Amino acid sequence: MPPHRRLTRRELNYFRMIYIVVKIFPKILVQFFKTEWKRCTSLTWNDDPHSGSEFWKREYTGSRYSTINDTISKGNSSEFDSTVLFYLILNSRSVGQRLRLHSPAIYFQITQLRKIRNEVVHRYNFKVPTREFDSLCDKVRGCFRRLRFPTEELNAVKTTVCLYHEELESLRKKFEREKQRLIDYEDYFTWRNSRFEEFFQKYQQQRISPSELRRKGILSDQDVEKIENQKDEKLQSTMIVDIVLFKGERTTSAFLNILQQTGNGLEESFVNALPPENLSSVTTVSPDFMQKASCQYPKNYTIIMLDFTKYIYSMDWDAMDQRGQTFLEQSEDWSVKLFVMIELAYGYNVRGESERAIALLDEVTQNAFRAGPHSTRILSRACSRKSLHYIHVHRLEMAETYASEANSLISNFQSPEEQIVGLKRLTDCILYEDGSVEKRRKKSLPIYETIIEMCRRYIEDIPRCGYYLRFIYHDMARLCLGFTRHGFVETTLKEIEEGEKYIKRLEEPDLRTNDGSTYTDGFRFICKSIAAFKRGKLLENGQERKKLWNEGFEHKRKATRICNSLNNDNNEAMFMLKSLNDYVSKWNIM
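In the working numbering, the protein residues as written are 5 to 594.
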């Protein structure tokens with residue numbers, strides 16, 4: 005077929021640019037998605053509705069646009085354009101979340117391809133200078149090479165000198181569909197801005213920060229990051245409203261409850277702006293649902309705590325992962341699912357996978373409303389676990405914020421275990437504060453004593469009480485032995501003796517572990533080692549000093565063997581072990 009007409013060089017560049025986006029991108033991304041889907045789920049994508057159904061089983065929400073959801077449900081990958089594929093690869097829970105956590109470099113390169121696609125779709129000038137076209141090709145080629153995608157077709161398009169009428173028409177149709185996606189997106193936000201204009205004006209005057217909404221369980225860390233990347237405050241407000249409404253009636257009601265607390269009519273403006281479909285669902289839900297909580301634990305809670313306690317502290321990671329997957333796949337009770345996710349996040353924190361843990365906790369806070377009367381309890385526990393995450397990565401201000409939020413939530417209901425967990429997180433923050441041993445000990449000792457008394461009182465009712473007690477005595481010991489977030493510092497003989505007293509308490513029958521090789525034993529051996537090294541330093545008799553230091557090295561070897569089982573350097577136990585090694589090197593102990 006002859007060419008439709010001879011295109012100018014700039015017009016040809018424009019259509020070649022379109023070809024790359026609407027023909028090459030989908031072809032390569034489909035193969036990439038199918039490979040990742042297989043890797044993440046162990047299932048084959050068979051291009052049928054069953055595959056679409058399997059995908060939605062693993063998702064909590066869909067896209068804002070029903071056309072994308074419908075296309076995915078059909079499962080036919082030949083109908084997937086770049087918009088659908090970028091959603092599947094970057095935004096889905098089953099593929100996108102895992103890719104972001106485990107392969108951030110690959111995730112970044114796919115994000116770069118999406119940015120290139122958006123630049124092309126946004127373009128309204130149909131003539132492209134050769135230099136601009138070559139620059140785009142170089143960007144795409146760089147991404148392809150880093151992703152190990154083939155570049156042959158890209159190179160062939162770059163050297164194409166003409167396009168035929170049929171090809172041009174096909175490109176135009178596909179490109180118009182991509183542009184329509186963009187128009188739908190812009191129309192969506194134009195409608196949102198016009199409808200909520202009065203609300204946005206009031207919201208700017210009584211602004212609730214994204215961080216505050218995150219602490220209340222309205223926004224996830226990822227939501228906050230996206231919002232704060234926008235410099236325009238009105239656009240930030242638009243994004244907050246969009247996310248709230250997209251998450252559904254429970255989140256919308258919780259947001260309305262927060263607006264009511266400002267006392268300046270914000271909630272009235274918000275309700276007046278709600279479209280009918282949102283208004284009818286919100287008015288059937290009590291806006292203070294987040295404040296109502298049951299004192300009872302959900303079904304299977306004791307089993308969950310006993311199982312995950314055993315797996316985490318014995319560092320049996322395969323068993324933990326397998327048990328977690330079983331609960332998540334088989335349980336229909338959201339309370340059970342969310343508690344399992346919290347325990348998995350705790351396990352990830354212990355073994356050093358902090359980013360994976362925080363992503364899972366974000367899912368928990370987003371879906372806490374599904375737990376009904378257990379929602380506040382779950383939010384409280386999630387905040388406590390997030391606080392632990394930020395302690396591990398030494399972001400103390402964030403850790404303190406989440407610890408305070410957890411304790412604030414606890415005040416709304418009676419739960420000894422949540423009180424223990426919340427108070428424990430406050431003492432963790434004190435442990436990592438700057439300041440003398442004596443100053444931090446005075447701040448934390450009353451809280452430690454309260455936790456110990458509660459554990460004794462509820463030892464028969466709370467499955468993890470023994471472990472809470474072990475960690476409390478570990479913390480008291482390492483605080484007296486001079487532990488700080490900067491490593492071990494010098495302490496007095498009296499403080500060393502106090503630390504040794506707490507270590508001995510850990511070795512009494514009711515707290516001693518069976519085989520001495522659990523995660524908590526790693527902390528105990530580190531404490532015993534630093535105590536021996538510090539005592540030895542105070543001795544003048546070289547023979548007695550050598551004997552104590554040999555004991556210290558023996559405890560250090562035991563701690564090292566346990567910590568190496570964690571398979572990752574990014575955790576609290578390994579940080580303590582590093583601090584111990586630094587202390588030995590600093591004082592030339594041998």
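Glycine included, each C-beta is placed from N, C-alpha and C at the ideal position. This structure is a prediction, so every number in the text was calculated from the model and none was measured.
Y317 places its beta carbon less than 8 Å from that of T522. If you compare the alpha carbons of A372, R127, C147 and S339 with that of S224, the shortest gap goes to A372. The Cβ atoms of F537 and Y587 lie closer than 8 Å to each other. Contact check for S86 against P154 fails: the beta carbons are separated by 8 Å or more.
Short of 7 Å from the beta carbon of T564, and not among the five residues preceding or following it, lie these beta carbons of its own chain, in chain order: L581. G520 sits in coil when the DSSP states are folded into three classes, being neither helix nor strand. With fewer than 16 other Cβ atoms from the protein chains shown falling within 10 Å of its own Cβ, V493 counts as exposed. For G491, the three-state secondary structure derived from DSSP is strand. In the three-state reduction of the DSSP assignment, E229 falls in the helix class. Put simply, the segment 542-561 does not touch the segment 506-522. Fewer than three CB pairs are less than 8 Å apart. P133 and F19 have their alpha carbons spaced roughly 12 Å apart. Between T405 and R219, the gap from beta carbon to beta carbon is short of 8 Å. Apart from sequence neighbours up to five positions away, the residues of its chain that approach F312 with a beta-carbon distance below 6 Å are E347, ordered along the chain. Under the 8 Å Cβ criterion, the segment 78-94 counts as touching the segment 36-54, having at least three qualifying pairs. In this structure, DSSP gives D138 a helical state, which the three-state scheme calls helix. For A323, the enclosing alpha helix (DSSP H) starts and ends at W321 to Q334.
DSSP places N554 within a helical segment (H, G or I) once states are collapsed to three. In terms of CA proximity to L552, K532 leads the group K532, S388 and E357.
Assignment of V132 by DSSP, reduced to helix, strand and coil, places it in the coil class.
Between C141 and Q116, the gap from beta carbon to beta carbon reaches 8 Å or more.
Sequence-distant partners of K131 (beyond 5 residues in either direction) whose C-beta falls short of 8 Å from its own C-beta, in its chain, are T12, R14, E15, N17 and Y18. DSSP, read as helix, strand or coil, puts W49 in coil. Inter-residue distance for L435 and L483 is about 7 Å (C-alpha atoms, whole angstroms).
For R429, the closest C-alpha among the options Y23, E548, S448 and V441 is that of S448. Measuring C-alpha to C-alpha distances from I463 to each of E123, N353 and I424 identifies I424 as the nearest. In this structure, the alpha-carbon of Q370 lies about 39 Å from that of M21. In the three-state reduction of the DSSP assignment, F153 falls in the coil class. Under the three-state reduction of DSSP, L158 is assigned to helix. Cβ neighbours of E202 within its own chain (closer than 8 Å, five residues either side excluded): S273, N276 and A277.
With 16 or more other Cβ atoms inside 10 Å of its own Cβ, S379 counts as buried.
With a threshold of 16 other beta carbon atoms within 10 Å, Q334 falls short and is exposed. Spatial neighbours of F343 in its own chain (CB-CB distance under 6 Å, excluding positions within 5 residues in sequence) are listed in chain order as I308. Looking only at R135, L151 and Y305, the smallest Cα-Cα distance to F37 is reached by L151. In the structure shown, the three-state DSSP call for D85 is coil.
In this structure, L94 lies away from R121, with their beta-carbon atoms at least 8 Å apart.
Taking C-beta separations shorter than 6 Å and ignoring five residues to either side along the sequence, the partners of V248 in its chain run T255, T256 and F259, following chain order.
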